[in-house]
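Reviewing the structure listed below.
Next comes the structure, spelled out in structure tokens:
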């Protein structure tokens, strides 16, 4: 029975294709820079880098299943990061010590999550109740959230949070960084929500056909709001992760993640039109993007080259999807024609 | 007359006038001729790019790469000429080269969107990233401050000069003529030619357009070609007005939302919202007027991002839900009847 299940996952074409890509990238980087890439320090540093993109990709994926886009993920992440940084920085400034520090840390974490929830709700309510495309809504709210961050910080960087908090961003448990554990938990929770719960089923239905799901009695608006809410929480987690690792908060930190998150979600077999997503593929996509990124650094290819590759990769993946479907369509047409000939 | 008052363009115009009066009461400097000239100067380039994205949105497509394509084509041309010391190149040659590059890049988008039937938004986001990376990784990252002579001359040609109260000059830039000409031509194409009607038909319903005998692929091809021409002109104009050529001009790339918002503001809340040339122009002016005058109202500069975001957000909701609400009301009425 168990064997049967493990075989079934290899029958999944998307999964196998992504697995092959990941292995190819891994092999290429290992051959090109064997002394650097295969070192354990490289894997540890990759473990510290993955969570940021991971959280954002989860946030993007959840919204993309509904057929929308969330372009405000990075702004939400940075805003919650800034709010948490202010609260935790207060502890350092006042010289609080002992258990009281934990009060500030927990307060900061809760505040960050609240920011994520509120921002997600704003996105969700507007997208669900008003006749505006999700892409435009989140583009505008992204500008607002980033603007609030700029107003709070006056454009400066907020830094210095308690060491008790940054410890989690820079240390590992059982060889795996704390934040990677957090990401793993988030991925598992997302997988369970998507594949095992009523909400997961509803969200996929809404993504494939909102009108039909409305007629089957699904509350489409509620599902949409929940999806954006989930996305907001993921962004807040990402903001906390950034704060724990870098000990700084900035309103325009890493704005390119929006594009990378879309890329990662699309590589992870998420249908851009909504309805489908595979967590297993997304994890592989995350790993392969990280291999590429680290590998490029070792080959001394700069950030611009990476950006070029991301764009190329996205277009190639989307086009491949088209060509494989076209191929299938033509083959089935030919089969039908042959069938008719035989019958005649 | 009553019909004219009801149009979205009239509404936008009245909104601009009202806001201008309120702003003028707070700071009378805002309503001077000099400030009007600087408003024109700051909205000229966004207006050109908004025209290009409007056209693409009219035919039901989407383009996130238009600003990058403009910047790319202009920078490549400037870089080629200045690094070879050809400072005497004719301005027509520069425009022609930039337009050719921009058209080729837009046609790349066209192939992906029309031939391969990919999601416009995600695909053009990919094109944008691809071009950005290609430009910076393989061509050059240096800033060009000495432009070819004729471009530099275009950048300092003024039609008229006005002075603020405190003695600072503001000039009516010659670019405004180009903008007006482009808008008039585009208006004529969209409203008074068969091709223009076909664009709206494709944007309204692709299948219906196809059944009506419109060659959808050809319409989209021409739309992307025209969008490319506009982007190429806009890129060179931007460099001329800015008096330098940067690989990633921060006021273009990453600020696509401003142009898109202007188009959406100009669309109006008809049953099937569609782009309007005059509406787009008014949308650009409205956004530029408000964001550009925040400092003169005494609002700190770090409020700008949030305020402009809020404005766009409010505008989007008001414009687009108007149509939704009306539709719902109409449906309810027909059901009751």
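Chains as they are written, first to last, in my numbering: chain A, 1 to 344; chain B, 1001 to 1337. In this text, a Cβ means the ideal position worked out from N, Cα and C, and glycines have one as well.
| Asked | Found |
| --- | --- |
| Terminal residues of the beta strand (DSSP E) in which residue 1159 of chain B lies | 1158-1163 |
| First through last residue of the alpha helix (DSSP H) which encompasses residue 1131 of chain B | 1120-1134 |
| Distance between residue 180 of chain A and residue 39 of chain A (C-alpha atoms, nearest Å) | 19 Å |
| C-beta contact flag for residue 1241 of chain B and residue 1045 of chain B at 8 Å | yes |
| Proximity of residue 64 of chain A and residue 246 of chain A at Cβ, strictly below 8 Å | no |
| Beta-carbon contacts of residue 142 of chain A that lie in its chain and below 7 Å, excluding the five residues immediately before and after | 71, 72, 75 |
| Residue 177 of chain A, DSSP secondary structure in three states | strand |
| Rounded straight-line distance, which links the Cα of residue 1057 of chain B to that of residue 1200 of chain B | 10 Å |
| Inter-residue CB distance, residue 1049 of chain B and residue 1067 of chain B (contact presumed, cutoff 8 Å) | 6 Å |
| Range of the contiguous beta strand (DSSP E) that encloses residue 1172 of chain B | 1169-1173 |
| Alpha helix (DSSP H) runs contained entirely in the region 1018-1074 of chain B, provided each spans 4 or more residues | 1033-1058 |
| Residue 338 of chain A to residue 1062 of chain B span [Cα, whole Å] | 40 Å |
| Residues that residue 1312 of chain B contacts on chain A, provided the C-beta gap is smaller than 7 Å | 140, 143 |
| Sequence-distant residues of the same chain with beta carbon closer than 6 Å to residue 139 of chain A, five excluded per side | 71 |
| Rounded separation between residue 1287 of chain B and residue 334 of chain A - CA only | 55 Å |
| Beta-carbon separation (whole angstroms), residue 1064 of chain B vs residue 1142 of chain B, contact threshold 8 Å | That belief does not hold up - the Cβ atoms of residue 1064 of chain B and residue 1142 of chain B are roughly 26 Å apart, past 8 Å. |
| Residue 69 of chain A at chain B interface by Cβ criterion, 8 Å | yes |
| Own chain partners of residue 186 of chain A with C-beta closer than 8 Å, once the 5 adjacent residues on each side are dropped | 54, 55, 58, 234, 237 |
| Residue from B/1012, B/1175, B/1027, B/1228 whose Cα sits closest to the Cα of residue 1295 of chain B | B/1027 |
| Chain A contacts from the region 1101-1123 of chain B (Cβ-Cβ distance under 8 Å) | 1112, 1116, 1117, 1118, 1119, 1121, 1122, 1123 |
| Backbone CA spacing between residue 325 of chain A and residue 268 of chain A [nearest angstrom] | 17 Å |
| Residue burial classification, residue 1191 of chain B (beta-carbon count within 10 angstroms, cutoff 16) | exposed |
| Neighbour flag for residue 309 of chain A against chain B, beta carbons, 8 Å | yes |
| First and last residue of the uninterrupted alpha helix (DSSP H) at residue 201 of chain A | 198-208 |
| Residue 1227 of chain B versus residue 1103 of chain B: straight-line alpha-carbon distance, rounded | 8 Å |
| CB of residue 314 of chain A within 8 Å of CB of residue 1070 of chain B, strictly | no |
| Within the region 121-186 of chain A, ranges of the alpha helix (DSSP H) (whole runs, at least 4 residues) | 134-153, 163-170 |
| Contacts that residue 208 of chain A makes with chain B (C-beta to C-beta distance below 7 Å) | The premise fails here: residue 208 of chain A is roughly 15 Å from chain B at the closest Cβ pair, so nothing lies under 7 Å. |
| Cutoff 6 Å; reference residue 959 of chain B; Cβ partners in own chain excluding five residues on either side | Missing from the structure shown is residue 959 of chain B; chain B here goes from 1001 to 1337 and no further. |
| Assigned exposure category for residue 1114 of chain B - 16 Cβ within 10 Å defines buried | buried |
| C-beta neighbour in chain A for residue 1127 of chain B, strict 8 Å | yes |
| Within the region 50-108 of chain A, ranges of the alpha helix (DSSP H) (whole runs, at least 4 residues) | 73-94 |
| Residue 1083 of chain B in three-state terms, based on DSSP | helix |
| Start and end residues, alpha helix (DSSP H) containing residue 244 of chain A | 220-246 |
| Bridge partners - residue 249 of chain A, DSSP secondary structure assignment | A/158 |
| Exposure of residue 1025 of chain B, with buried meaning 16 or more beta-carbon neighbours within 10 Å | exposed |
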